Amino acid sequence: MKEYTLLAAVSVLITLIIDRRMQTFILSKGLFWVFIAVIIFFKFLVNGYLTSSGIVLYNTNSYLGIRLGSIPLEDFLFGFSMVTLGIIFWEYFKKNK
184 MKEYTLLAAV
194 SVLITLIIDR
204 RMQTFILSKG
214 LFWVFIAVII
224 FFKFLVNGYL
234 TSSGIVLYNT
244 NSYLGIRLGS
254 IPLEDFLFGF
264 SMVTLGIIFW
274 EYFKKNK
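By my numbering, the letter at position 14 of the sequence shown is numbered 197, and the numbering carries on one by one without gaps.
Here you go:
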């Protein structure tokens, strides 16, 4: 079973639901996507180094095997969820202070 893939996909789904439920609608803001592009650039630098140098290894039975450069696709999904949830909560609590 591809546990890493399943968990990464579920994390994105939960993030989308939380954005809608908290009514922050972060994904509809252009500045958010600029921020995500910056995050992806640095992800290629740091995570790319870690995965290409063999510092971080993945069990090939746990993920799809699709890589962007040397980085598994699932890392991008988890990274998206982690960063987006941080922004969603920030905006929600800022708005409801």
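The beta carbon of each residue, even a glycine, is placed where N, CA and C say it ideally should be.
What you are looking at is a predicted structure, and each value in this text was computed from that prediction instead of being measured.
Neighbourhood of residue i by C-beta distance below 6 Å, restricted to the same chain and skipping five residues each side
| i | result |
| --- | --- |
| residue 197 | none |
Under 8 Å between C-beta atoms of residue i and residue j
| i | j | result |
| --- | --- | --- |
| residue 271 | residue 205 | yes |
Nearest to residue i (by Cα), restricted to the options the options
| i | options | result |
| --- | --- | --- |
| residue 268 | 191, 195, 190, 185 | 195 |
| residue 278 | 207, 244, 258 | 207 |
| residue 276 | 254, 202, 236 | 202 |
| residue 337 | 210, 263, 254 | This structure cannot settle anything about residue 337, because the visible part of the chain is limited to 184 through 280. |
| residue 230 | 188, 191, 252 | 252 |
| residue 234 | 187, 280, 247, 258 | 258 |
Residue range of the unbroken alpha helix (DSSP H) whose run includes residue i
| i | result |
| --- | --- |
| residue 214 | 213-235 |
| residue 195 | 186-204 |
Per DSSP, cross-strand counterpart(s) of residue i
| i | result |
| --- | --- |
| residue 254 | 251 |
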